[in-house]
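J.:
There are 2 protein chains.
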Amino acid sequence: MNSHPGKPHPSGPETLVRDILHGLSEGRFAPGQRLAEPDLMARYGVGRSTVREALGRLAAGGVVTLAPHRGAHIRLLTRRETADVLRVSEYLLGLAARQAAEAVLAGGDPSRLVAAADAYTHADAATESRARARYYRALIELGGNSELERLLPALQVHLIRAQLRSSRHASAENERAALVAAIRAGQPGTAERTARIPIATLIARLDDLPDSAFAAEGG
Amino acid sequence: MNSHPGKPHPSGPETLVRDILHGLSEGRFAPGQRLAEPDLMARYGVGRSTVREALGRLAAGGVVTLAPHRGAHIRLLTRRETADVLRVSEYLLGLAARQAAEAVLAGGDPSRLVAAADAYTHADAATESRARARYYRALIELGGNSELERLLPALQVHLIRAQLRSSRHASAENERAALVAAIRAGQPGTAERTARIPIATLIARLDDLPDSAFAAEGG
DNA sequence: TCTGACAAGATCGTCTGACGATTAAACTTG
DNA sequence: CAAGTTTAATCGTCAGACGATCTTGTCAGA
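Here the protein sequences line up with chains A and B, keeping their order. Count along the first sequence starting at 1, add 1469, and that's the number in our numbering. Count along the second sequence starting at 1, add 1469, and that's the number in our numbering.
#1: At 7 angstroms on the CB atoms, spell out the chain B contacts of A:Y1605, in chain order.
#2: Would you check if there are 3 or more beta carbon pairs closer than 8 angstroms linking the segment 1643 to 1655 of chain A to the segment 1671 to 1682 of chain A?
#3: Assuming A:L1562 and A:A1664 make a contact with CB atoms under 8 angstroms, what is their CB distance in whole Å?
#4: By DSSP, does B:G1501 sit in helix, in strand, or in coil?
#5: Looking at chain A, which residues of the segment 1560 to 1573 of chain B have a Cβ within less than 8 angstroms of any of its Cβ atoms?
#6: Tell me which same chain residues have a C-beta within less than 7 angstroms of the C-beta of A:Y1604, skipping the five on either side of it?
#7: Could you tell me whether the Cβ atoms of B:R1526 and A:G1525 are closer together than 8 angstroms?
#8: In the DSSP output, what is B:V1533 paired with across the bridge?
#9: With a cut-off of 8 angstroms, do at least 3 Cβ pairs link the segment 1564 to 1574 of chain A to the segment 1537 to 1546 of chain A?
#10: Check the Cβ-Cβ distances between A:E1550 and every residue of chain B, and say whether any is below 8 angstroms.
#11: What's the C-alpha gap between A:G1531 and A:A1623?
#12: Excluding the 5 residues preceding and the 5 following B:A1607 in the sequence, name in chain order all residues of the same chain whose CB lies nearer than 6 angstroms to its CB.
#13: Please classify B:L1546 as buried or exposed, where buried requires at least 16 other C-beta atoms within 10 Å of its C-beta.
#14: Please name the residue in B:T1596, B:D1553, B:P1667, B:R1497 whose C-alpha comes closest to that of A:S1615.
#15: Could you tell me the distance, in whole angstroms, from the CA atom of A:A1631 to the CA atom of A:T1551?
#16: Looking only at C-alpha atoms, which of A:Y1513, A:R1645, A:L1621, A:R1503 sits nearest to A:E1483?
#17: Which residues in the same chain have their Cβ closer than 6 angstroms to the Cβ of B:V1469, if we skip the five residues on either side of it in sequence?
#18: Please tell me whether B:R1526 has its Cβ less than 8 angstroms away from any Cβ of chain A.
#19: Assign A:A1572 to one of two classes, buried (16 or more other C-beta atoms within 10 Å of its C-beta) or exposed (fewer than that).
#20: Closer than 7 angstroms by C-beta to B:H1478: which residues in its own chain qualify, once you throw out the five before and the five after it? Chain order, please.
#21: With 8 angstroms set as the bound, which would you pick, yes or no: does the beta-carbon of A:L1675 sit closer than that to a beta-carbon of chain B?
#22: Can you have a look at B:T1519 and say buried or exposed, based on whether 16 or more other CB atoms are within 10 angstroms of its CB?
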């Protein structure tokens, strides 16, 4: 079929998860696409256990849906579900920002976050999604909330997808700058509020997107 | 095959997950306890695939930790991690309450929530944890946020454990009543704030608990 | 007696192969 | 051309196997 020469069987399911996640960012996998076990076995040269394990993790993270006897599909969200995910992200990111600011107050070092934000702002189309991920990670690590660290990677996937579809608005960079400033200044309240703005904006814009961007709203 | 008493094999890993989760509430499994695969295989009369799948899901939900080649243990949180989990729960539950109130404004029916809250208040020690779980579920279902529905069950486990350890304070029931009232009245802001109070209180009280209630804070 | 290296045992991670169950697709009939 | 039936493709789970890795117990040397 296709040629995936670079991936023999270096190690575990982590590789699969990573590659699929990564491949999602760059369009190699499309939402709604089927992920059949035999196919993945062949493609990555691993056994069913490994494939299954990987799919399980992806499903747990909400990236794929696992319908009994009907296989795994890359999760395609309805408009409603997208809004729900974003809403949760909004709150969680707000918390992350707050805790980052609190961490700075407690003597934490925001330099990595600043660098990541900077890199993100100057990223081109090719490196953008990666830079964004790094930025979020830096934000969360500064706050040091282990639970957020566990949770947010999964949300990121959807966040990024939503942002990809939505035309970016000019003020985004300013908002980000304001957020970083608030965190550096150790202002939890401001940081939280500022962090939420972009996502709230995103949610508001969801209505502008065509139905084709979402799964059928079926009941 | 085996006709051993206890647990036949009615269906999949879901059974395992449920029983372990359930057993956690009633002390049948203790935090930190080892969960060896061969042991579980024998205990539930299922194959390794099934055990592994179940452990994977529990790990994804943050209920057990899965150390490579060192087996699965029921996750034991450090004081810090507990605070982190509760912090996230605080925000998420706040969001849930807000959305529940919004749902009522939009014509949603809060009767199930009211009933669950009532049942929880009148529950005795035996039915308490179950009633609490139902109450949370009703709250989230009223809000209708699919992502919260996906996320919160995992948080509940830790929430409940934390609450179990912390002596309950008298005002808890009043706070709950206030929350339900705010939701019924369709006051999102009040609902959100009210929902967060009990958890914030819990976090504040974490310092009163002895070190023995947590995993070693080791680096 | 205490400490550290080594050997034995228990588990884990992953693979291969197999079998019934369930779903989706192809085909046969009115 | 619609509806029921047969086939093929998967999935869920089990069983057995093998190397890798962690744990534990033993034994020699300080």
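Every residue, glycine too, gets a C-beta built ideally from N, C-alpha and C. Source: prediction; values computed, not measured.
T.: Judging by the given coordinates:
#1: When 7 angstroms is used as the limit between beta carbons, A:Y1605 is near no residue of chain B, the shortest such separation being about 16 angstroms.
#2: Here the segment 1643 to 1655 of chain A does not lie against the segment 1671 to 1682 of chain A, with fewer than 3 beta-carbon pairs under 8 angstroms apart.
#3: Right, their Cβ atoms sit about 5 angstroms apart.
#4: In this structure, DSSP gives B:G1501 a state outside helix and strand, which the three-state scheme calls coil.
#5: For the segment 1560 to 1573 of chain B, the beta-carbon criterion of a distance under 8 angstroms to any beta-carbon of chain A is satisfied by Y1560, L1561, G1563, L1564, Q1568.
#6: Excluding positions up to five away in sequence, the list reads A1585, A1586, Y1589.
#7: Their beta carbons are under 8 angstroms apart, which means B:R1526 touches A:G1525 by this criterion.
#8: Looking at the DSSP output, B:V1533 sits in a beta bridge with B:I1543.
#9: Using a Cβ-Cβ distance cut-off of 8 angstroms, the segment 1564 to 1574 of chain A and the segment 1537 to 1546 of chain A are not in contact, since fewer than three pairs of beta carbons, one from each stretch, lie closer than that value.
#10: With 8 angstroms as the cut-off, A:E1550 counts as an interface residue toward chain B.
#11: Per the coordinates, the alpha-carbon of A:G1531 lies some 7 angstroms from the alpha-carbon of A:A1623.
#12: Excluding sequence neighbours, B:A1607 sits near R1581, L1582, A1585.
#13: Buried.
#14: Nearest option by C-alpha distance: B:D1553.
#15: Spanning the two alpha carbons is a distance of roughly 8 angstroms.
#16: Ranking A:Y1513, A:R1645, A:L1621, A:R1503 by Cα distance to A:E1483 puts A:Y1513 first.
#17: As displayed, chain B neither begins before 1470 nor continues past 1688, which places residue 1469 of chain B out of reach and without an answer.
#18: By this cut-off, B:R1526 is an interface position.
#19: Burial call: buried.
#20: Residue placement at B:H1478 is flagged as unreliable, the pLDDT there being 40, under the threshold of 50; a coordinate-derived value is accordingly withheld.
#21: Interface flag for A:L1675 against chain B is unset, since no Cβ pair is found closer than 8 angstroms.
#22: B:T1519 should be labelled buried.
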